[in-house]
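Residue numbers (our numbering): 0 to 487.
Note that beta-carbon positions come from the ideal geometry of N, C-alpha and C, so glycine has one too.
As structure tokens, the structure follows; a few thoughts come after it.
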Amino acid sequence: MKILKKIKQIACSPKSRNQCVATNNLPAIRFHTIHGENVRLSENGAIARRVDSFCKAIAFSNRPIRVNERVYLKFVDLSTSWSGAVRFGFTSNDPVTYRNNLPKYACPDLKNRPGNWAKALPERFAQRDSILCFYVNEDGEVLYSLNGEDKGVFISNVQTNSALWAIVDVYGNTCALEFVDPRMNMNNVINNDLNILVTQLSSSSISRENREPLPQVYRSVQFKELQFHRTKGYNVRLSNDRCIAERNSSHYCQGYIFTERALNLEEKLVFQILQTDELYTGSLAFGLTSCNPSFLNSEDLPDDPHHLLERPEYWVVIKDVASSPVSGDEIGIKICDNGEVKLYKNKNAPVTLMHVDQTQKLYAFLDLYGSTIKVKLLGALSETYSQPNQLRRGLPTCNSLNGNSRNLTDQSISINKALKSSDDNGKAPIMFSECTVCCEKPINCVLYICGHMCMCYECALKQWKGRGGGQCPICRAIIQDVIRTYLS
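Printed below as a string of structure tokens:
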């Protein structure tokens, strides 16, 4: 019974329950009699088979498909003689209008005509007996799944204010497809097709949670609750509790996810890799930013995270962290008091990723890029319980440099104390606004790649190319560039 309930959930999601109830009375979807010259229909129009070549096999549904109505296709026959796989989508044009006027290909020929939306399924997803499901929602997004596992948005900007027929191009290595009616399967449990469908659904959708690796290194750790921010890349889907993020596996980029709040110093962010795909190159990217994700939209996020460095806020990012992580890896990242960012992978010794300006309020972000498909945020862990408002900067102030009687190791200043003593009205002054070298000019640059902001542009150039030996005066990281900043 649980499996039958799962089939019903896939066929009729809660979001569109009203629409799905209405579709129960609709006739089964079959292929239209208008189709490409290489298509042959069988089983009362349920199966479309390409009998020659690799193209001229466009087919349509025999009736319009309603918004949120699921279309199920079963891969009946495949080939290895060609390349590419089925193309599918929707058209607002009645298939009758294409009589004697069908192009060879759905993509790009038919797609480029007005009122048609179609796209190619990644060939690795086309497997014999697999069940492809797709539908269009009220927002004009075509979403799809394979064997009950959601893959995300496939096509956008479909116009839903008119009737829509399904487009199916039996292309390339896809030789035969069958429209599957889940209502018939649920009413005939002994049907062989149902057994196949049930087996696939139970192994992929129902048991998927059971296959997800459980934490080992942090198995008995009590984490502070932390969620991903609602702002994300447009290829990412978040779980309801915003602790699991999954990138659409048919895309390799735009997998950005942010923490919902800034990280504290000495606080370890811990997450686990749940799924990877070795067909892609490259892997997880990690970064920190002073930009509150609430002020960002998906359109602000570039395909290449390195382009974030061109934004006016403070951004640092490193690609391919954690040496191409695999499913089950547990990764922790911590900003130390001295600005050092450490990475912990499983039980391995920590490694230093970079140095950052620890006086900034920094949000962490990941880019689920390339082979990294799915991660779970386990939470935050404070290994040393220092108050977040007692951030200390180890660089001496200008006044302390003028005094010879005090040891430099005691020249840290407490930000919250400085705020209390410097402004009786409670307004926060700008801290560390003067260059720590000349003590005259304002700080107006950032050191790359450590990210520290502690000097004026002229002194930073001298530190980089001249007497400074090319090292950051705070963390001693090698300076690779000096980036000038401007106040807005």
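Nearest C-alpha to GLY338 among LEU262, VAL95, ALA105 and ARG29: LEU262.
In the DSSP assignment, GLY88 forms a beta bridge with ALA117 and ILE166. Cβ neighbours of TYR343 within its own chain (closer than 6 Å, five residues either side excluded): GLY331 and PRO349. Measuring C-alpha to C-alpha distances from LYS346 to each of PHE153, GLY327, GLN357 and ARG39 identifies GLY327 as the nearest.
CYS453 counts as buried, since no fewer than 16 other beta carbons sit within 10 angstroms of its beta carbon. In this structure the stretch 267-277 does not touch the stretch 296-304; the number of beta carbon pairs closer than 8 Å is below three. Three or more Cβ pairs closer than 8 Å define a contact, and the stretch 298-310 falls short of that threshold against the stretch 234-250.
Excluding its 5 nearest sequence neighbours in each direction, SER82 has C-beta neighbours in its own chain below 6 Å: GLY171, listed in chain order. Non-local C-beta neighbours of ALA459 in its own chain, meaning closer than 6 Å and more than five positions away in sequence, comprise CYS444 and VAL481, ordered along the chain. Under the three-state reduction of DSSP output, ASP480 falls in the strand class. Under DSSP, GLU433 shares a beta bridge with PRO441. For ALA125, same chain residues with a beta-carbon under 8 Å away, outside a window of 5 residues either side, are PHE74, LEU77, ALA84, VAL85, ASN172 and THR173 in chain order.
A Cβ-Cβ distance of about 7 Å is found for the pair LEU142 and GLY151, placing them in contact under the 8 Å criterion. Around the beta carbon of HIS354, 16 or more other beta carbons lie within 10 angstroms, which makes this residue buried. By the beta-carbon neighbour count (other beta carbons within 10 angstroms, threshold 16), LYS464 is exposed. The count of Cβ pairs closer than 8 Å, one atom from the stretch 158-170 and one from the stretch 50-57, reaches three, so the stretches are in contact. Rounded to whole angstroms, ILE448 and HIS305 show a C-alpha spacing of 12 Å.
In the three-state DSSP reduction, VAL179 falls in the coil class, being neither helix nor strand.
Taken through DSSP and simplified to helix, strand or coil, LYS373 comes out as strand.
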